[in-house]
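K.L.:
Below are the structure tokens for one structure; questions will follow.
Residue numbers (my numbering), protein chains in the order written: chain B, 1 to 594; chain D, 1001 to 1078.
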């Protein structure tokens, strides 16, 4: 089926001509309407696409070939408005339009929500840039009985209006063709109306909504996930399946296969054999010794963490694309409000389970500075990232459910407590809880796989070098005796307060480089039996609460400045050690052995 | 023609109506809601009231806290 698009009268001048620089085209639109999908279609570059508002929080640029001309395409964070009170990511988009960062605007709209899209169209029109309107997800709109007269709308607005289903590529050819006929729209200002009135009128004239109900199962599911009686059991089931895939399949089955099989049986013995030919002992140790690049660095990165993050990214991507995650905000709003946030904060918190560094950036979707600060603090304090989460599951899941429950109980309590206090100690306000729930969808396998592959590649590119650097650092520290000195300096805390073996001090050093690196260290210690059950729980609790990794720390500094970064670092370390000490004491006093 | 205007927060699930107005305050709440399509004339349907309020406005599903729902006044369909 072809997507018709309507070209308005010929008042518009051709834009695609010889020019000094590539034409800059901005993709602008309400959140979660598919701007990033269209960006990917035009540029061939993949940017993360999910089914919730706020996946894109910064501007992404890419090149596209349109006919004979090269264009710069700019993907922008979703905006509900360009005037009035704006969130931080909305300001990013407004500033881009205001500063002349775009010469042509392609507004992407969710066809179901024409009215909201037109309010925005009218505001974009005030920037006086040539425009095209893309009615995306036209198939879903029709499925819900929404019918839009695109040709009429195009004539009314004086700009090309294109119907599209971006994930399938429908309408993309028409969009490319239409670039030449983009024009300044006639909207509210041209008619002397307010944005709202104009959008209301125009919607009424060009849209009809028939009465169509979703399929019975969809209707039921939609209701079931948001109502407490069914929603809570569904949440528990989701957590359990996640645990099965990540904690059992990833952290146990696949890790065993890779670590004992691939590395233990083949790679490490081979590497050791090869290295035996090197006549210089320190070089041999550097490669295959206790802190060897292969035997420690690569083993940790590839055999222990990789299977875990891969399985996690798969499950996580599925949940992201299904539209399920924002619905958790309904249940958690009250709790978050006690912590100076609102239900919206569930997004950065859950994303933190993927990677705290990325999630720190996502806090931009929160409305006030106070909310962003509290969310960043809580992410740094308590939210374990994917790799860490899975090593926790791998170690504690093998001990007992009680051990796992203790850790999560302590960490959650600590987060709520800190959030509660921060809400009262920090100046500023929280914002209203108003959240859009995206439609539930069956994730597209292709997007899920692409996203997972890219994230795994990102992990390999980012984490593996750090693992190797970390291993090299440990090797050097060990050689010059600094590791022993550090361990003995930390002994009063590590052994005294926390009741852990002295070697655990090393693991905490590794943990700062990357939390998952530290967690992998604990994983091995627990495996060789150098940690008792109680020690494992205490060590992992401290590691979870412990300082964020270097990357996360740098991101905090980037988002909030060095002073706040250092303050968070100091505060979090103090809380981690304090909590560990209390936990250790309490477990001892209660004679808990898990 | 008896038409009653009631705050959204007091409506039971299943209620249908149209937004008659949104109470103004100083935080820009009205503008934020307007940007999401919650303005005079928009059709609403209450979906759920506990633990949070969920309603459908036009074609958008929104979850809001009680205070916000209190400021949205709805004219019920008779």
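For every residue, glycine included, the Cβ atom is placed at its ideal position computed from N, Cα and C.
Source: prediction; values computed, not measured.
With residue 1045(D) and residue 1019(D) assumed to form a contact (beta carbons below 8 Å), what rounded beta-carbon distance in angstroms separates them?
P.N.:
Actually they are not in contact, since the Cβ atoms of residue 1045(D) and residue 1019(D) sit about 12 Å apart, beyond 8 Å.
K.L.:
What first and last residue would you give for the alpha helix (DSSP H) that runs through residue 507(B)?
P.N.:
504-513
K.L.:
Which parts of the stretch 229-305 of chain B are runs of the alpha helix (DSSP H), unbroken and 4 residues or longer, counting only runs that do not cross its ends?
P.N.:
268-275 and 281-288
K.L.:
Using only CA atoms, which one of 1014(D), 1005(D) and 1004(D) lies nearest to residue 1053(D)?
P.N.:
Among 1014(D), 1005(D) and 1004(D), the Cα nearest to that of residue 1053(D) belongs to 1014(D).
K.L.:
Per DSSP, residue 136(B) is paired with what?
P.N.:
According to DSSP, residue 136(B) bridges with 110(B).
K.L.:
I'd like to know whether the C-beta of residue 1058(D) is nearer than 9 Å to at least one C-beta of chain B.
P.N.:
yes
K.L.:
What do you get for residue 315(B), buried or exposed, if any count of 16 or more other CB atoms within 10 angstroms of its CB means buried?
P.N.:
buried
K.L.:
For residue 1018(D), go through chain B and note every residue whose CB falls closer than 9 Å to its CB, in chain order.
P.N.:
The premise fails here: residue 1018(D) is roughly 12 Å from chain B at the closest Cβ pair, so nothing lies under 9 Å.
K.L.:
Let me confirm a value: residue 208(B) is counted as buried when at least 16 other C-beta atoms fall within 10 Å, else exposed. Which label applies?
P.N.:
exposed
K.L.:
Cβ atoms of residue 536(B) and residue 498(B): under 9 Å apart, would you say?
P.N.:
no
K.L.:
Excluding the 5 residues flanking residue 290(B) on each side, which residues of the same chain have their C-beta closer than 8 Å to its C-beta?
P.N.:
Within the same chain, residue 290(B) has close Cβ partners 296 and 478.
K.L.:
Using the Cβ count rule (16 or more neighbours within 10 Å means buried), how would you classify residue 449(B)?
P.N.:
exposed
K.L.:
Scan the stretch 308-334 of chain B for residues whose Cβ lies nearer than 7 Å to a Cβ of chain D and list them as they occur along the chain.
P.N.:
329, 330, 331, 333 and 334
K.L.:
For the beta strand (DSSP E) holding residue 435(B), just list the boundary residues, first then last.
P.N.:
434-437
K.L.:
Please classify residue 1006(D): does DSSP put it in a helix, a strand, or coil?
P.N.:
strand
K.L.:
Check each residue of the stretch 104-133 of chain B: if its Cβ is closer than 7 Å to any Cβ of chain D, include it; give the result in chain order.
P.N.:
112, 113, 115, 116 and 119
K.L.:
Quick one: give me the first and last residue of the alpha helix (DSSP H) that residue 392(B) is part of.
P.N.:
386-399
K.L.:
Starting from the C-beta of residue 467(B), find all residues in its chain whose C-beta is less than 6 Å away, skip the five residues before and the five after it, and write them out in chain order.
P.N.:
297, 300, 301 and 517
K.L.:
Can you give me the C-alpha to C-alpha distance between residue 357(B) and residue 593(B), rounded to a whole angstrom?
P.N.:
35 Å
K.L.:
Tell me which same chain residues have a C-beta within less than 6 Å of the C-beta of residue 1057(D), skipping the five on either side of it?
P.N.:
Here the set comprises 1037, 1038, 1042 and 1044.
K.L.:
Mapping DSSP to helix, strand and coil, what is residue 579(B)?
P.N.:
helix
K.L.:
For residue 394(B), count the other beta carbons within 10 Å of its own beta carbon; 16 or more makes it buried, fewer makes it exposed. Which is it?
P.N.:
buried
K.L.:
State the DSSP-derived secondary structure class of residue 426(B), mapped to helix, strand or coil.
P.N.:
The answer is coil: DSSP assigns residue 426(B) none of H, G, I, E or B.
K.L.:
Which residue wins for smallest C-alpha separation from residue 1026(D), given the options 429(B), 530(B), 492(B) and 524(B)?
P.N.:
Nearest of 429(B), 530(B), 492(B) and 524(B) to residue 1026(D), Cα basis: 429(B).
K.L.:
Just tell me which of 473(B), 580(B), 454(B) and 422(B) has its CA closest to the CA of residue 496(B).
P.N.:
580(B)
K.L.:
Mind checking whether residue 129(B) and residue 71(B) have CB atoms under 9 Å apart?
P.N.:
no
K.L.:
Could you tell me whether the stretch 311-331 of chain B touches the stretch 238-255 of chain B, where touching means 3 or more Cβ pairs closer than 8 Å?
P.N.:
They touch, by the three-pair rule.
K.L.:
Check the Cβ of residue 435(B) against every Cβ in chain D and list those closer than 8 Å, keeping chain order.
P.N.:
Neighbours of residue 435(B) in chain D, taken as residues at a C-beta separation under 8 Å, are given in chain order as 1062, 1063 and 1064.
K.L.:
If you run the structure through DSSP and keep just helix, strand and coil, what is residue 354(B)?
P.N.:
Here residue 354(B) sits in coil by DSSP.
K.L.:
Expressed to the nearest angstrom, what Euclidean distance is found between the alpha-carbon atoms of residue 440(B) and residue 500(B)?
P.N.:
Here the alpha carbons of residue 500(B) and residue 440(B) stand approximately 46 Å from one another.
K.L.:
With distances taken between CB atoms, is the gap from residue 327(B) to residue 225(B) smaller than 9 Å?
P.N.:
yes
K.L.:
Could you name each continuous alpha helix (DSSP H) segment of 4 residues or more that falls completely within the stretch 11-85 of chain B, going from the start of the chain to the end?
P.N.:
Every alpha helix (DSSP H) stretch that sits fully inside the stretch 11-85 of chain B and reaches 4 residues is listed by chain position as 35-43.
K.L.:
What residue does the alpha helix (DSSP H) around residue 201(B) start on, and which one ends it?
P.N.:
195-206
K.L.:
When the Cα of residue 403(B) is compared with those of 458(B), 584(B) and 29(B), which residue comes out closest?
P.N.:
584(B)
K.L.:
Please report the distance separating the alpha-carbon of residue 201(B) from that of residue 1062(D).
P.N.:
23 Å
K.L.:
Quick one: is residue 528(B) buried, meaning 16 or more other Cβ sit within 10 Å of its Cβ, or exposed?
P.N.:
exposed
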